[in-house]
Amino acid sequence: MLNLQRQPLASWHRARLREELRERRLAETSWQKLSETSDVLFSITRAQYDGFPTRNPACLSGLNSSPIHMYMLAKYTSRWSFFKAAALFCNARDWKLVHEVVNPSKDHKLTEVASRHEIDEKDFRRVSNQLRRIWPLFP
């Protein structure tokens, strides 16, 4: 659905999962825990989709995962469409090839996305900052 670039290294997936599990442990509020749990679930799902068997960590056992799945779907499709729109508004030649789900609230992530897709960084940040005011992004 998101058509993300396949990550061929198991080490890449392990590093993402470790990072997300660490962030989940540090989460304090219920919303932060839900958000970080959805990130853990997304990391596991992406690894499995890319062909790397992954077992669910203890933090997911016994949970009703339906709310987590719904939150994850809303969060990542919102980010994905945000980056598509930002690339389109920047008149990026290949805006249809932009498939990103990193956090657009982090300025350094905007720089990384612009660089990956050969979009003018200043223009991309300007457009993204304007979009962030109105776009429904989830924490």
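Taking the working numbering, the leading residue of the sequence shown gets 15, the next gets one more, and so forth.
Ideal Cβ positions, reconstructed from N, Cα and C, are used throughout, including at glycine.
Every value quoted in this text rests on a predicted model; they were computed, and no experiment measured them.
S95 versus N117, R107 and W45, residue with shortest Cα-Cα distance: On the sequence shown, position 81 is the one that residue 95 refers to. If we check each option's Cα against that of S95, N117 comes out closest.
Check whether the stretch 119 to 136 touches the stretch 78 to 86, taking contact to mean three or more Cβ pairs, one atom from each stretch, closer than 8 Å. no
Which listed residue (R39, E34, L48 and A41) has its alpha carbon closest to that of R60: Locating residue 60 in the sequence shown gives position 46, counting from the first residue. Closest option to R60, Cα to Cα, is E34.
How about L31 and T91: are their beta carbons less than 9 Å apart? Walking along the sequence shown from the start, residue 31 turns up at place 17. Walking along the sequence shown from the start, residue 91 turns up at place 77. Taking 9 Å as the Cβ cut-off, L31 and T91 do not qualify as a contacting pair.
Whole runs of the alpha helix (DSSP H) within the stretch 15 to 90, excluding any shorter than 4 residues: 24 to 40 and 44 to 63
Just checking my contact of A99 with H131 at CB under 8 Å: how many whole Å lie between their CB atoms? By 1-based counting over the sequence shown, the position of residue 99 is 85. By 1-based counting over the sequence shown, the position of residue 131 is 117. No, A99 and H131 are not in contact; Cβ-Cβ is about 13 Å, not under 8 Å.
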